[in-house]
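Comments concern the structure below.
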Amino acid sequence: MANPLVSILIPAYNERHFGAALASAIAQAGIELEILVCDDSPGGQIEATVVAANDPRVRYVRNPTRLGFAGNFTQCFTSARGEMVKFLNDDDRLRPGCVAALAGALSANRSVMLATSRRQPIDANGARIPDVAATLPMAMVSALMSGREMGDFVLGNSLNMIGEPTTAMFRRADVTLEDGLLFRWGGHDYHCLADLSLWLRLLARGLAYYFAPALSEFRIHPAQEQHREGVRVACLVERLWIVREARKIGFLAAPQLMRLALENLRARIHPCLAFPGLAPGEAEALRSLLADVEGELAALR
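Residue numbers (the numbering used here): 11 to 311.
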C-alpha cells in the first residue's frame with residue numbers, strides 16, 4: 011500500500027463526531043486507499059478511536075502543536091500518498107461507494123479536474139434534514155460539465171453548490187500551493203470559502219463530473235466554524251475576494267455574470283446590516299464592503 015490510489019484525508023479536531031466520520035471512511039470498498047488522520051485536537055479521544063478501529067489502511071499523525079483549520083488541511087494534503095485525494099471533515103460522513111464512484115470519474119477522463127456530487131444535510135444526531143439552498147441538486151442526472159460553467163454558476167448565485175471539502179475529489183498533482191498553504195489564493199487566506207477557493211482553481215483548468223445521487227452527508231450543527239462570533243463579516247468579505255480572483259482566471263467574463271455575482275453579494279450584505287446584535291466594528295466593516303461592491307457595480311455600467 012505504498013502508493014494507494016486514493017487518500018481519504020481527515021483533518022481531525024471534533025471528537026464528538028469523529029468516530030462516525032472514520033467509520034464511513036473505513037466502510038469504503040472496491041478501491042485501494044489510505045485513510046490519513048491528522049489529529050489537531052487537545053485530547054486523546056481521536057487517537058483512541060483510531061486505535062480501536064484497528065484498520066491497516068488508517069495512518070495516524072499527531073500534530074506536535076495546534077495547526078488550526080488551514081494548517082491542518084495543508085498538513086493532510088502534503089502528507090498524502092495517493093494519486094487522488096478526498097477530504098472528509100471530521101463531522102461529516104461518506105456514503106457507501108462514494109470514493110469508488112468519484113475516483114472512477116477522474117480515472118475515466120484526464121480532463122476532469124474535479125469530481126463531486128449532491129450531498130445530504132444531516133443534523134447533530136445524524137438524522138436527515140431538508141436541503142438548504144446550497145445543497146439543492148445542480149443537475150437531476152449525473153453529467154460531465156464544463157469547469158468554467160460550473161464555476162460561473164456558483165459564483166453568479168453566490169452559493170457553493172459544489173460542496174464542502176467532504177464532497178469532492180481531485181488529483182493531488184493538479185493542485186499548486188501558494189506560499190505552502192492549500193487555501194491561500196491571490197494573497198488571501200480563505201476560511202469560510204476555503205473549499206470554493208480550491209474548487210475554482212481546479213475548475214479553471216478543465217472539466218467537472220457531477221453525480222446526481224448524494225454520495226456524502228454534510229452535518230449542520232451549532233459547533234461549526236461558521237457559527238463562531240465575528241465570522242459573519244469575514245465570510246462576506248471573502249465572497250468579494252473570490253469574485254475578484256475568479257474573474258482574473260477567466261470566470262465571470264461576461265459583464266452580466268459579474269453583475270449577477272455582485273448583486274447577489276449585495277443582497278447578502280443588506281440583511282446583515284439590519285442584524286440587531288451587530289457590533290460597531292462589524293457594522294463599519296459591512297458598510298465599507300457594501301461601498302466596494304457598489305463601486306464595482308458602477309464600473310460595470
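Just so it is clear, CB atoms sit at the ideal spot from N, CA and C, and this is done for glycine as well.
Model, not experiment: these values are computed from the prediction.
State the CB to CB distance for the pair residue i and residue j, rounded to an integer number of angstroms; the pair is presumed to be in contact (CB under 8 angstroms).
i: residue 46; j: residue 86; result: 6 angstroms
i: residue 307; j: residue 269; result: 7 angstroms
i: residue 262; j: residue 162; result: 6 angstroms
i: residue 208; j: residue 164; result: That pair is no contact at about 13 angstroms.
From the DSSP output, in three-state form, read off residue i for me.
i: residue 49; result: strand
i: residue 280; result: helix
i: residue 72; result: strand
i: residue 56; result: helix
i: residue 95; result: strand
i: residue 237; result: Note that residue 237 has pLDDT 45, beneath the 50 cutoff, so the model's placement of it is unreliable and the number below is only indicative. Residue state, collapsed to three classes: helix.
i: residue 199; result: strand
Identify the continuous alpha helix (DSSP H) that holds residue i and give its terminal residues.
i: residue 34; result: 25-36
i: residue 211; result: 204-213
i: residue 257; result: 241-258
i: residue 310; result: 290-310
i: residue 83; result: 78-89
Where do the N-terminal and C-terminal ends of the beta strand (DSSP E) with residue i fall, by residue?
i: residue 123; result: 122-132
i: residue 228; result: 217-229
i: residue 21; result: 16-22
Could you tell me the alpha carbon to alpha carbon distance between residue i and residue j, rounded to whole angstroms?
i: residue 116; j: residue 123; result: 7 angstroms
i: residue 26; j: residue 53; result: 12 angstroms
i: residue 21; j: residue 229; result: 15 angstroms
i: residue 245; j: residue 180; result: 25 angstroms
i: residue 250; j: residue 120; result: 31 angstroms
i: residue 195; j: residue 23; result: 24 angstroms
i: residue 327; j: residue 193; result: It is not possible to answer for residue 327, since the shown part of the chain is limited to 11 through 311.
i: residue 145; j: residue 129; result: 6 angstroms
i: residue 92; j: residue 42; result: 9 angstroms
i: residue 148; j: residue 68; result: 33 angstroms
i: residue 79; j: residue 152; result: 32 angstroms
i: residue 49; j: residue 55; result: 10 angstroms
i: residue 158; j: residue 214; result: 6 angstroms
i: residue 34; j: residue 89; result: 21 angstroms
Legend entry - Any alpha helix (DSSP H) of 4 or more consecutive residues that is wholly inside the stretch 104-178: 108-118, 157-167
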